[in-house]
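Mapped onto my numbering, the consecutive letters of the sequence shown carry residue numbers 2 to 226. C-beta atoms are modelled at their ideal positions from N, C-alpha and C, and glycine is treated no differently.
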Amino acid sequence: MLKILTLFDLKLKRVLIRVDFNVPIQNGKVSDDFRVRAALPTIKHCLNEGASISHLDRPGGQINPAMSLMPIGETLAGLLEMPIKFSDNCVSSDAKDVSFGLKPGEVHLLENLRFHDDETKNDKRFSYLLSKHGEIYINDAFGTAHRAHASNVGVVNNFSQKGMGFLIEKELKFLNSVTRNPKRPLTLILGGAKIGEKLELIHQFIQNADSIIIGGGMAFTFLKA
């Protein structure tokens, strides 16, 4: 079980945070910053406790300038009201040097994990290189935490200190409340395109939910059946 963020001594530590900044970008600007804002409590807590931070985000496989996190970095800098450092390759020696040189209160955003095939392969060497950015690992990407990717799974094996951010902690508390002692009637609304990732959740809630509403791309599977 991962520790909660408040149990760590973060002073003068380099913290590597896995975030989910999968946000829409139009004309080089973030058009909806909801997910960036959702990560702020974890980021600000680490900064307030005297840590320096590097961020990892988004799985994938090839370099595409349109998928760069630079616009998200600009949004994050605006929300934090401070400059942040940015590296265009999350596992380069230059990026590692930036992370090692961070002072308490500084933030380093690493380029999109989507640019590396080894992320989705949970590659051991890639995981090790990612781990060099921090002394403490915090996962706060609830929406992608179920995936067996390097930034979720492999990287954890390289840390003795690892835990969850406030967003994951909040979501787990909510799921615990609705599965153990839900308010009635309980309706489960599911969306998205990948039904395979939702089957276990559907099976779990069949026993607890009064009704289940299926939307998004998944609905076509049920309509076809």
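- Per DSSP, Met165 is one residue of the beta strand (DSSP E) stretching across 163-165.
- Cβ contact annotation for Gly106 (same chain, cutoff 6 Å, sequence separation greater than five): Leu48, in chain order.
- Across the structure, Ser88 and His109 are spaced so that their CA atoms are roughly 8 Å apart.
- Under a 10 Å Cβ-count criterion, Asp118 is classified as exposed, with fewer than 16 other Cβ atoms of the shown protein chains found around its own Cβ.
- The way I'd put it, the stretch 175-182 doesn't touch the stretch 143-157; fewer than three beta-carbon pairs between them come closer than 8 Å.
- A Cβ-Cβ contact shorter than 8 Å links Phe22 with Ile73.
- Every unbroken stretch of the beta strand (DSSP E) spanning 3 or more residues and falling wholly within the stretch 145-179 is given here in chain order: 163-165.
- Per the C-alpha coordinates, the member of Leu114, Met71, Phe221, Glu82 positioned closest to Val92 is Leu114.
- Linking Gly218 to Lys45 through their CA atoms gives a straight-line distance of about 36 Å.
- Cα atoms of Arg126 and Ser132: separation of roughly 10 Å, rounded to the nearest angstrom.
- Fully enclosed alpha helix (DSSP H) runs of no fewer than 4 residues occupy 35-49 of the stretch 14-59, in order along the chain.
- Among the bridge pairs identified by DSSP, Phe87 is matched with Leu110.
- In the DSSP secondary-structure assignment, Leu189 is bridged to Ile213.
- Inter-residue distance for Ala146 and Tyr129 is about 18 Å (C-alpha atoms, whole angstroms).
- The three-state reading of DSSP puts Lys4 in strand, counting E and B together.
- The C-alpha of Ser161 is placed about 14 Å away from the C-alpha of Leu11.
- As the crow flies, the alpha-carbon of Glu82 is around 10 Å from that of Glu75.
- Ranked by how close their Cα comes to the Cα of Phe101, the residues Leu70, Phe221, His134 have His134 in first place.
- Per DSSP, Ile137 lies in no alpha helix (DSSP H); the unbroken beta strand (DSSP E) holding it starts and ends at 137-140.
- Secondary structure note for Ala78: its alpha helix (DSSP H) is the uninterrupted segment 71-81.
- In this structure, Val16 keeps its C-beta atom at 8 Å or more from the C-beta atom of Val37.
- Looking at the backbone, the Cα of Ile139 and that of Lys122 are separated by about 21 Å.
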